[in-house]
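**Student:** Encoded as structure tokens, here's the structure I'll be asking about.
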Amino acid sequence: FSPAFDEVQIEWGMAGEQAPYMTPPLLQEKRYLAYYLVDGLSPLEASDFSIKINAVDAASGKEYEFEVMMEDIVFTKGLYNGNMIHKMSAKERILDLEDGG
12 FSPAFDEVQI
22 EWGMAGEQAP
32 YMTPPLLQEK
42 RYLAYYLVDG
52 LSPLEASDFS
62 IKINAVDAAS
72 GKEYEFEVMM
82 EDIVFTKGLY
92 NGNMIHKMSA
102 KERILDLEDG
112 G
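Sequential numbering from 12 applies to the sequence shown in the numbering used here.
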């Protein structure tokens, strides 16, 4: 797979922790999951922020900005299936460290 977008940066719009820490190049026809953990976020507060992705087209060098549709976001609070989201986020952070990130 060759990168479709490079120099990817995610602007979350609020303080928290992203996993993986560094966003890798986005590949064509391959999904990408990013986790972002924040403390004490209510559904009402969640509706007040936006997420933007800035990236560079690997082929043309053109810069793009995408706004994430909020209905595509999964919000969880408290215990969710034995803290599965936290475990998946921790796994990504560990892989980051193993890869030298």
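For each residue, glycine too, the CB sits at the ideal point set by N, CA and C.
(1) How big is the Cα-Cα spacing for S71 and I21?
(2) Using a Cβ-Cβ cut-off of 6 Å (strictly less than) and excluding sequence neighbours within five positions of D107, which residues of its own chain qualify?
(3) Please state whether DSSP places A101 in a helix, a strand or coil.
(4) Consult DSSP for E74 and reduce its assignment to one of helix, strand or coil.
(5) So the beta strand (DSSP E) I113 belongs to, where does it begin and stop?
**Tutor:** Per the coordinate set shown:
(1) If I take the Cα positions, the gap works out to 20 Å.
(2) If the five residues before and after D107 are omitted, its C-beta is found closer than 6 Å to the C-beta atoms of P31, Y32, all from its own chain and listed in chain order.
(3) Reduced to three states, the DSSP call for A101 is helix.
(4) It is a strand residue.
(5) Summary: the structure shown does not reach residue 113, with the chain confined to residues 12 through 112, and so no result is reported for it.
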